[in-house]
Amino acid sequence: MTPYAKKAVFPGSFDPFTNGHLDILKRALRIFDYVTIGVLANSSKQPLFTVEERVAIIQQVCVELPGVSVRSFSGLLVDFARAEKCDIIVRGLRAISDYDYEAQMALINRRLGESIETCFLVAREEYSYVSSTLIKQIANLRGDVAQFVPPAVARALAEKFG
Ligand code: PNS
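Each residue of the sequence shown is one higher than the last, beginning at 28 in this note's numbering.
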C-alpha cells in the first residue's frame, strides 16, 4: 500500500458544482479519509463563475463533510496531485458516453505520472443526465435548478443571473 492510499484528489471545472458531483464526492469519502477537490483555474472554456467563486461555493457545500478540502489548481493535474501528496484521482462516470474521454485522460495521466491511479465512481442513475452546462442553461432561462444542485449553488446561480 502506498503512503497516500487514503487520500484522493477529485478534480474538475465545477462550473458549477452539481448534485452529481456531490454524490461522487460522498462516495469517495466512503473509500478515502481525505478528499481534496481540485478546481481547475485555467480552463480553455470561459467559465460562468471565477475560480475563487467556485472554490467559495464548494466550500459552503462541503462545510459539514469532514475530510474535504477545496483548492484551485492550474497546470497539469498530475502536478497538482503530487503537490497534494496524493496519487489517486477520483472521477465520476455518469453514463457509458463519459467513458472514452475519461479513459483517455486516465491513460494520459498515467503516462505523465506513473504512480497516479484513476478511480472511477459511478453516479446515481438520477444524476446521469445532470451536467454543469445544462444547469447553466436552465438557470440562464430562469428555470428551477433546485433539484439539480446544492442550495448554495442555486443561490449563486440566482445571483449571477439576477
Ligand atoms: O469537469 P471537467 O471539465 O470534465 O474536468 C476536466 C479536468 C479538470 C479534470 C481536466 O481538464 C484536467 O485535468 N485539466 C488539467 C490539465 C491536465 O492535466 N491535462 C492533461 C490530462 S487530461
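Note that the Cβ used here is the ideal one computed from N, Cα and C, for glycine as well.
Do residue i and residue j have their C-beta atoms closer together than 8 Å?
i, j, result
"I116", "A35", "yes"
"P74", "I162", "no"
"A173", "A166", "no"
"Y61", "G102", "no"
"T63", "E129", "no"
"A122", "S96", "no"
Since residue i and residue j should fall inside the 8 Å C-beta cutoff, what is the C-beta to C-beta distance between them, to a whole number of angstroms?
i, j, result
"R118", "F147", "6 Å"
"V82", "S99", "5 Å"
"A179", "D50", "The Cβ separation is near 16 Å, so there is no contact."
Less than 6 Å between C-beta atoms, sequence neighbours within five positions excluded: which residues of the same chain meet that for residue i?
i, result
"M28", "Reliability fails at M28, whose pLDDT of 49 lies under 50, so the model's placement of it is uncertain and the value that follows must be treated cautiously. No residues qualify anywhere along the chain."
"A183", "I84"
"G140", "V105"
"K33", "F59, D60"
Among the residues of its own chain, which have a CB less than 7 Å from the CB of residue i, if the five just before and after it don't count?
i, result
"D125", "none"
"T145", "I116, R118, A133, N136"
"N46", "Y154, V157, F175, V176, P177"
"S70", "S40"
"A90", "In the sequence as presented, Ala is not what sits at residue 90; that position holds Val. Closer than 7 Å at the Cβ level, and outside the excluded window around V90, lies no residue."
"K53", "none"
Whose C-alpha, out of the options, is nearest the C-alpha of residue i?
i, options, result
"F37", "I143, E79, A122, E91", "I143"
"H48", "K187, F188, P177", "P177"
"E153", "A133, F175, K53, I58", "F175"
"A55", "R109, L92, T77", "L92"
"A68", "F41, V149, D50, K53", "F41"
"K187", "E141, E80, L139", "E80"
"F107", "S159, L52, V66", "V66"
"T160", "F76, R138, G189", "F76"
Taking 7 Å as the cut-off, is the CB of residue i close to at least one heavy atom of the ligand SAH?
i, result
"C113", "Within the structure as shown, the ligand SAH is missing, the only ligands being the ligand PNS."
Near residue i, which residues of its chain fall below 8 Å by C-beta distance, leaving aside the five closest residues on each side in sequence?
i, result
"V78", "V66, L67, A68, S99"
"R109", "G140"
"A185", "A166"
"L120", "Y126, E129, F147, L148, V149, A150"
"D171", "I165"
Heavy atoms of the ligand PNS versus C-beta positions, residues under 5 Å: P38, G39, S40, L67, L103, L104, M132, I135
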